[in-house]
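Below is one structure, written out as structure tokens; comments come after it.
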Amino acid sequence: MPIFPPYSGPPLLDQVVSVENLTLAWRRVRGNIHVARRARSAGFDAMTVRDFEADWLNQMRGLAEELQTGSYRPLPARHVTIPKASGGERAIAILAIRDRVAQRAVQQVLQPLFEPLFLDCSYGCRLYVVEAGRPSLALDMMEEFRPLVIDRLVLELLKAGALRRDQFERPAHRPDAVYLDATGRALLVERYEAAMSAPTRLASGEQTPMRRVVLLQAQAVARIVRGEQAEY
1203 MPIFPPYSGP PLLDQVVSVE NLTLAWRRVR GNIHVARRAR SAGFDAMTVR
1253 DFEADWLNQM RGLAEELQTG SYRPLPARHV TIPKASGGER AIAILAIRDR
1303 VAQRAVQQVL QPLFEPLFLD CSYGCRLYVV EAGRPSLALD MMEEFRPLVI
1353 DRLVLELLKA GALRRDQFER PAHRPDAVYL DATGRALLVE RYEAAMSAPT
1403 RLASGEQTPM RRVVLLQAQA VARIVRGEQA EY
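In this text, residue positions in the sequence shown follow this note's numbering: the first is 1203, and each later residue adds one.
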């Protein structure tokens, strides 16, 4: 069963690269960069928002052509550190202006399609949706599935000898925590993806991937919270 309804509108890429959409994306990117920071807004390519604006027509034409032909490739982020008010430093990644425009152009086309599918309590990371102070019920559904998926998987790997004692380490900055090394993490992610994609039989007899089981359970809880379903 598809999670999202079929799309039958105009080609999405044509909407992304339209003059109107790219221009709006540029204006929003430019507006999000404070005037005092524009001289320091360069990404990996060393092009500031002022440089981009000075060559705006050529930059936008080139970006539209790359997106349209599929040759667009984002540049690496420029990593810098800034002081924190509480002390210490915070690492941030600064994207190239062209990549910020491209991301915004895609977001402007896709967000209206997904917006109707969000729950009324899903507003934490949605642009222009502000619900500060609104009462809500937060449930960690993964905690319910952790014993079925994560705990079982880790125990199976340990019993099979796939994970070794020397692959666990205690970092100096978190002596109360135990981390897996890179090899162990790669193996765990690989097996986790396999477990989440493996078929699971529902009470109805239908077989479906574990990943969809989590989604179905979350949707059932949402219906109960909204009063659309009497029992879980």
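Where a beta carbon is used, it is the ideal one built from N, C-alpha and C, also for glycine.
Check                                                                                                                                                                : Outcome
Rounded C-beta distance between R1372 and V1380? I'm assuming under 8 angstroms.                                                                                     : 6 angstroms
Would you tell me roughly how many angstroms separate the C-alpha atoms of R1229 and L1269, rounded to the nearest one?                                              : 18 angstroms
Taking three-plus beta-carbon pairs below 8 angstroms as touching, is the region 1281 to 1297 in contact with the region 1208 to 1221?                               : no
When DSSP labels each residue in this structure, what does P1318 get in the three-state scheme?                                                                      : helix
With DSSP as the reference, identify every bridge partner of E1371, one or two as the case may be.                                                                   : Y1381
Rounded to a whole number of angstroms, what is the C-alpha to C-alpha distance between A1295 and V1282?                                                             : 6 angstroms
Measure the C-alpha to C-alpha separation of R1387 and L1297 and round it to an integer number of angstroms.                                                         : 28 angstroms
When the Cβ atoms of the region 1416 to 1427 are set against those of the region 1361 to 1375, are three or more pairs found closer than 8 angstroms?                : no
Is the distance from the Cβ of T1250 to the Cβ of R1240 below 8 angstroms?                                                                                           : yes
So if DSSP puts T1250 in a beta bridge, which residue, or which two residues, is it bridged to?                                                                      : Answer is none; T1250 lacks a bridge partner.
In three-state DSSP terms, what is Q1409?                                                                                                                            : strand
Tell me which residues share the same chain as Q1310 and place their Cβ nearer than 7 angstroms to its Cβ, disregarding the 5 neighbours each side in the sequence.  : N1223, L1226, A1227
Can you list, in chain order, the residues of its chain whose CB lies under 8 angstroms from that of T1402, leaving out five sequence neighbours each side?          : Q1409, T1410, P1411, M1412, V1415
Roughly how far, in whole angstroms, is the beta-carbon of F1246 from the beta-carbon of R1280, given that I think they are within contact range, below 8 angstroms? : 5 angstroms
Under the rule that 16 or more other beta-carbon atoms within 10 Å means buried, what is I1284, buried or exposed?                                                   : exposed
What are the partner residues of V1282, as DSSP defines its beta bridges?                                                                                            : I1294
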